[in-house]
Ligand SMILES: [Zn+2]
């Protein structure tokens, strides 16, 4: 289950971000492509297992799923591939290349409002 390693590195990135701003992370957004071979449920499970009973417990995880995208080599149109239909919806050609869907990105880290102790 490589999702555990991924969750681990995501949490490290979140902690680094939080430390930079001296704040507590409350929510993290991840962008996961269809082709990244990541199981969102397994990732969510790993995430919860790793944050359980740590200072990050309760940290919310939002997963944004990105479908596979191709670009037509004839007309340049970009389109989402559904049901393994690779024909260009604009010109009907079937010569195209994969341009997206392999993402594994940290979309955002939401931090707790920072209240300065000295005014
Ligand atoms: Zn086309």
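In this note's numbering, the protein residues as written are 15 to 133.
In this text, a Cβ means the ideal position worked out from N, Cα and C, and glycines have one as well.
From a predicted model like this one, the values you see are computed outputs, not experimental measurements.
Buried versus exposed call for residue i [16 or more other C-beta atoms within 10 Å across all chains shown]
i, result
"residue 47", "buried"
"residue 109", "exposed"
"residue 99", "exposed"
"residue 35", "exposed"
"residue 104", "exposed"
"residue 32", "buried"
"residue 39", "buried"
"residue 102", "buried"
"residue 60", "buried"
Extent of the continuous beta strand (DSSP E) to which residue i belongs
i, result
"residue 124", "118 to 125"
query = Whose beta carbon lies closer than 6 Å to any heavy atom of ligand 1, going through the chain in order?
reply = 86, 88, 89, 91, 102, 104, 105, 107
Alpha helix (DSSP H) runs wholly inside the segment 19 to 68, at least 4 long, in chain order = The qualifying runs are 54 to 65.
request  = Pair every Cβ in the segment 89 to 99 with every Cβ in the segment 61 to 73, then say whether three or more of these pairs are closer than 8 Å.
outcome  = no
request  = Say whether the segment 51 to 58 touches the segment 15 to 26, bearing in mind that this needs 3 or more beta-carbon pairs closer than 8 Å, one atom from each stretch.
outcome  = yes
query = What are the complete beta strand (DSSP E) segments, minimum 3 residues, inside the segment 65 to 115?
reply = 74 to 80, 83 to 86, 92 to 94, 110 to 114
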